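Mapping of the sequence shown onto the numbering used here: position 152 corresponds to residue 152, and the numbering continues sequentially without gaps. Data block below; observations after.
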Amino acid sequence: MVRVTHRIESSLHKLRGHLVATPLVGGLYLPGVSIPADLRIKAECLQGPGGIWFRGAMLELSRHFGALKGIVVSDELRPALAAATAARAQRIPCVAVTDSERDAALFGRLGHEFVLITDGTAPNEVAERTRRELGYAIMPGLETDDYAAGIATVGLELAHELPRDTAFVSVSPARLAAPIEAGLAAGGRDCAVVGVDPDETDDEDLRRALRIGTRIDCDRFGTAALRAAIDAPADSLPCAILAS
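In structure tokens form, the structure reads like this:
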């Protein structure tokens, strides 16, 4: 545990100057939406392209600075955007593989090349072929210690920001829960961290978003994290992480 704590603390130090200091805010952040007065929100959605995923991507690439010819990304949009943004910051060539013209345009605006799939081939197959042709590396994710430590820095920040009696933290998607919990533990906090995956559709959330014009209600990951925090046990003083 000492080694894990040191890795996360060291990761947060390395990321200083590369990140937005995302605030911990209360209910007034979402005017017109009924949420408990004691619910706190870690607004990691303000991080920029990719949100919370930028922390992991930035740290992962910095560990290999100078050793990578380039990277290939083919993950879901937010982690892929985070990797592309981090690659741009470190002047590492990046090729994005996607089957969406809209997503391809986003990578193009970052100044990166992209491969637009039009024949139904799986993105990971095209990414592997592109990697071999160019001599690049496939961008890793949470499976590596460095990437996970980057995500865990959010938990470490929360350990120092949350009220002492906070006992419940929610985040979406669910696979972010483990590194967040590790970060909280590194900061000496014993909070229950609940990872939730969003429903594919929620008509009520969509209607509410259109009615009040609140951005976060259009984000199914943010909505899922908020819903879990709102449904937390009454005495838990919850916090929701808006990941992207």
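Each residue gets a CB set at the ideal place from its N, CA and C atoms; glycine is no exception. Since we're looking at a predicted model, the values are computed, not measured.
Exposure label - residue 288; buried when at least 16 CB within 10 Å: This structure cannot speak to residue 288, because the chain is shown only from 1 to 244.
Coarse secondary structure for residue 14, derived from DSSP in three states: helix
Three CB pairs or more closer than 8 Å across the region 126-140 and the region 163-182: no
Cα-Cα separation between residue 173 and residue 144, rounded to whole angstroms: 18 Å
Per-residue DSSP class, three states only, for residue 8: helix
Check whether residue 42 and residue 242 have beta carbons under 8 Å apart: yes
CB of residue 95 within 8 Å of CB of residue 121, strictly: no
Straight-line Cα distance separating residue 36 from residue 56: 31 Å
Where residue 116 falls: helix, strand or coil (DSSP): strand
Option in 18, 40, 153, 239 with minimal Cα separation from residue 195: 239
For residue 225, three-class secondary structure by DSSP: helix
Helix, strand or coil at residue 240 [DSSP, three-state]: strand
Assigned exposure category for residue 112 - 16 Cβ within 10 Å defines buried: buried
Residue 20 (DSSP reduced to helix, strand or coil): coil
Residue 23 versus residue 46: straight-line alpha-carbon distance, rounded: 9 Å
Endpoints, alpha helix (DSSP H) assigned at residue 107: 101-109
Opening and closing residue of the alpha helix (DSSP H) in which residue 54 lies: 53-63
Reference residue 4; option with closest CA among 183, 193, 233: 183
Residues of its chain near residue 90, where Cβ-Cβ distance is below 7 Å and the 5 sequence neighbours each way are ignored: 61, 62, 65
Cβ neighbours of residue 191 in the same chain (closer than 7 Å, five flanking residues each side left out): 166, 167, 168, 169, 184
Assigned exposure category for residue 26 - 16 Cβ within 10 Å defines buried: exposed
Residue burial classification, residue 20 (beta-carbon count within 10 angstroms, cutoff 16): exposed
Proximity below 8 Å, CB of residue 148 to CB of residue 179: yes
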